[in-house]
Amino acid sequence: MYIKKLIGTKCYLAPIDMGDAEQYAIWLNDMQVAEYLTTASSVISLESEMEILGSLSREHNYGIVDLQTDQLIGIIGLLATNHLHRTSELGIFIGARDYWSQGYGREAIALLLDYAFKKLNLHTILLRVYDFNQRAIACYEKTGFKKIGEIRDGFIRNLEYHNIVLMDILPTDFYEANPQFK
Ligand SMILES: CC(C)(COP(=O)(O)OP(=O)(O)OC[C@H]1O[C@@H](n2cnc3c(N)ncnc32)[C@H](O)[C@@H]1OP(=O)(O)O)[C@@H](O)C(=O)NCCC(=O)NCCS
1 MYIKKLIGTK CYLAPIDMGD AEQYAIWLND MQVAEYLTTA SSVISLESEM
51 EILGSLSREH NYGIVDLQTD QLIGIIGLLA TNHLHRTSEL GIFIGARDYW
101 SQGYGREAIA LLLDYAFKKL NLHTILLRVY DFNQRAIACY EKTGFKKIGE
151 IRDGFIRNLE YHNIVLMDIL PTDFYEANPQ FK
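Numbering (my numbering), first residue to last: 1 to 182.
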């Protein structure tokens, strides 16, 4: 059973449970998940994942849990938060692939952004996404993110260069796209 912190209609966000390190390590070693992340070229062992998870758990990173079944499906969080300038960077992955494209990502992001704007007083949330990750880009656009630029040839994969798309979102963008959170 997970602690429910931010609750939606499909999923909720729960503080990181260190007992899930093995599950996260399995997902990060699944190349069908990892190819969208920076971890495709990393070695992720249970030990290294414990370390990473330990530091993530001290900041605003949360497990994404299916509301119906209480099954952990992924992780979402805010990285490199700067409280002086009220900026942060969003990271997310749903490791349980059978949950992709069912609106869980969009809801998890909306729950975290509403919290970030209203409770953490953040203002500008940035993200980076590979240009071939059309599912993620569609999800981010629906949540209200705007494309602000691209790092040209910023990533090489399968012997080909790709751009890294930069997107950001302000409270006005978010509440326009998600009026139910107003
Ligand atoms: C990216 C991710 C978090 C998105 O979460 P999700 O629950 O799958 O996304 P959602 O269902 O909320 O939204 C995806 C949308 O893209 C659409 N979509 C799916 N595949 C698509 C494609 N190839 N091209 C365009 N749109 C696509 C879906 O139909 C959905 O739109 P809809 O709501 O109109 O049906 C999740 O897919 C994931 O974790 N993927 C693997 C890791 C990853 O890419 N992390 C992000 C790194 S930046």
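Built from N, CA and C at the ideal position, the CB exists for glycine as well.
When DSSP reads this structure, Phe93 sits in a beta bridge with Ile75. Within a 10 Å sphere around the beta-carbon of Asn158 sit fewer than 16 other beta-carbons, which makes this residue exposed. Judged by beta-carbon spacing, Glu49 lies beyond the 8 Å limit of Ala14, meaning their Cβ atoms are not closer than that value.
Distances between the C-beta of Gly8 and the heavy atoms of ligand 1 are all 7 Å or more. In the structure shown, Thr87 falls within a strand segment according to DSSP collapsed to helix, strand and coil.
By the Cβ rule, the segment 155-172 does not count as touching the segment 69-86, because fewer than three pairs are nearer than 8 Å. If you look at Asp168, you'll find it isn't in any alpha helix (DSSP H); it sits in the beta strand (DSSP E) that goes 160-169.
Ile16 is positioned such that its CB atom lies closer than 8 Å to that of Ser57. In the three-state scheme derived from DSSP, where H, G and I count as helix and E and B as strand, Gly149 is classed as strand. With fewer than 16 other Cβ atoms inside 10 Å of its own Cβ, Met31 counts as exposed.
For the pair Asn29 and Ile52, the CB atoms are not nearer than the 8 Å cut-off.
Around the Cβ of Ala138, a 10 Å sphere holds fewer than 16 other Cβ atoms; the residue is exposed. Within 7 Å of the C-beta of Ala177 there is not a single heavy atom belonging to ligand 1. Buried is the label assigned to Gly77, since at least 16 other Cβ atoms lie within 10 Å of its Cβ.
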